[in-house]
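In our numbering, the protein residues as written are 5 to 120.
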């Protein structure tokens, strides 16, 4: 299984829908370049939908951290959406769930970003 990424915009929020394996190489580069394209255009609010992501390796985790840091440094915010059990377990094990806000409902994630 490869990796696919699609984006959609809801008001001033970009939702990044991902599926497949978020791993080193093309998947990480695709996520990085997509986020950069939107931040360069002034977007500061993102939802990363991981509901269809089957696997995340250390490079994928690193890219999530890089994404979070770069957006926060631009006074933006990132929310995670639809974490699979394996993704949630990985982020709990690495203590990253204390850093990221995660939601199981897109409307709630959007509402949280509208407040920020």
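Beta carbons: idealized from backbone N, C-alpha and C, even for Gly.
Between the stretch 84-95 and the stretch 55-67, the count of C-beta pairs closer than 8 Å reaches three or more; the two stretches touch. Our two residues, residue 42 and residue 74, have alpha carbons roughly 12 Å apart in a direct line. Residue state for residue 72 is assigned as helix, using DSSP reduced to three classes. According to the DSSP secondary-structure assignment, residue 88 is paired through a beta bridge with no residue.
Bounds of the alpha helix (DSSP H) holding residue 33 are 30-44. The beta carbons of residue 6 and residue 29 sit no closer together than 7 Å. Taking C-alpha positions only, residue 113 is separated from residue 85 by approximately 7 Å. Per the DSSP secondary-structure output, residue 77 pairs with nothing in a beta bridge. Residue 23 carries a strand assignment under DSSP once its states are collapsed to helix, strand and coil.
The beta-bridge partner set that DSSP reports for residue 109 is empty.
Linking residue 118 to residue 18 through their CA atoms gives a straight-line distance of about 12 Å.
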